[in-house]
Amino acid sequence: MNKTKIFYNRKLKFRNPVLVVGLPGIGSVGALVGEHLKTELEAKKFASLYSPHFIHQTIMLKSGYTRLISNRFYYKELKNNTLIILLGDTQAATPEGQYEVDEKIVKFFKMLGGKRIYTIGGYSSGSHYIQTPKVFGVASNPDVKKELSKKGVIFGTASGAIWGAAGLIVEFAKKHKISAACVMGETSVLEIDANAARAVLEVLRDLIGVKVNLENMTKIKNETDKLIRELEESAKTQAEPGRPTENFPYIR
126 MNKTKIFYNR
136 KLKFRNPVLV
146 VGLPGIGSVG
156 ALVGEHLKTE
166 LEAKKFASLY
176 SPHFIHQTIM
186 LKSGYTRLIS
196 NRFYYKELKN
206 NTLIILLGDT
216 QAATPEGQYE
226 VDEKIVKFFK
236 MLGGKRIYTI
246 GGYSSGSHYI
256 QTPKVFGVAS
266 NPDVKKELSK
276 KGVIFGTASG
286 AIWGAAGLIV
296 EFAKKHKISA
306 ACVMGETSVL
316 EIDANAARAV
326 LEVLRDLIGV
336 KVNLENMTKI
346 KNETDKLIRE
356 LEESAKTQAE
366 PGRPTENFPY
376 IR
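Count along the sequence shown starting at 1, add 125, and that's the number in our numbering.
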């Protein structure tokens, strides 16, 4: 395999497909959102993407076999459209790979008749755990920005660069005349931030018109809050007298 390829498990026709990209990234926010949607909606896999730009690993399976690193497309028929969810083990490992893979994803979605893409990411805002995360966004056009603003997504406040697929897919969507937005949950020190993912899901379920149970996410959030409080107390106890503790790096 010398270039990125997509293979079908089954060829289907979709009604007004909307794509949610939930790939690994900051705080694992995108991956958590995508996996939660797939599980809650019982979405079915219909295609897989393989690329020589992915890391050179295979995944060991409980069956005793292995499989290639991949990105996978799932679908769920909704009342007014079809939700397509992109999940994956990894993103492309090089800048050249990011450009090839991300444009391949956009072209594939366009071929399916897609008109709207939401990429999901995390926005790192500091070294402290965020108990009440904000949801930030960037959009490909004014209509998308207006629509997301009405749902509480904050535009123009977050700054810096968006790394990887979450940002590049939005840019390639513009190139191919597809409306798109990157929706980012505010996160910080957690490698797996269910709290930020829950904040994004609350916005996203209204945007795509799905009923998604957030009970599991709430349970994880409460457990995380408890863990952070325990770590804070431990940090205060172990700190030397007079030593400031407010910037203690709780989890990395």
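Where a beta carbon is used, it is the ideal one built from N, C-alpha and C, also for glycine.
The alpha helix (DSSP H) enclosing residue i, as first and last residue numbers
i	result
Thr164	Val154 to Leu166
Ala298	Ala290 to Lys300
For residue i, the first and last residue of its enclosing beta strand (DSSP E)
i	result
Phe234	No beta strand (DSSP E) holds Phe234; the alpha helix (DSSP H) holding it covers Pro220 to Met236.
Ala306	Ser304 to Thr312
Ser173	Lys169 to Tyr175
Arg330	Arg330 -> not in any beta strand (DSSP E); alpha helix (DSSP H) instead, spanning Ala319 to Ile333.
Close beta carbons around residue i, own chain, < 6 Å, minus the five adjacent residues each side
i	result
Arg241	Val143 and Ser304
Ser176	Thr129 and Val226
Ile131	Ala172, Leu174 and Phe233
Which of helix, strand or coil DSSP assigns to residue i
i	result
Pro149	coil
Leu203	coil
Leu273	helix
Gln216	coil
Straight-line Cα distance separating residue j from residue i
i	j	result
Met185	Asn266	42 Å
Lys336	Leu162	10 Å
Val328	Ser195	28 Å
Gly251	Thr312	8 Å
Lys271	Thr191	45 Å
Asn127	Leu193	14 Å
Val231	Arg135	19 Å
Gln216	Leu203	28 Å
Spatial neighbours of residue i in its chain, beta-carbon cut-off 8 Å, leaving aside the 5 residues before and after
i	result
Arg197	Lys170, Ala172, Ser173, Leu174, Leu211, Leu212 and Gly213
Same chain, Cβ closer than 7 Å to residue i, neighbours up to 5 away in sequence not counted
i	result
Asn341	none
Asn121	The structure shown does not extend to residue 121, since the chain is modelled only from 126 through 377, so no value can be given for it.
Closer than 8 Å to chain C by CB, residue i
i	result
Ile279	The chain labelled as chain C is not found in the depicted structure, where only one protein chain is given.
Does the stretch 223-234 come within contact of the stretch 281-296, defined as at least 3 CB pairs closer than 8 Å? Touching, per the Cβ criterion.
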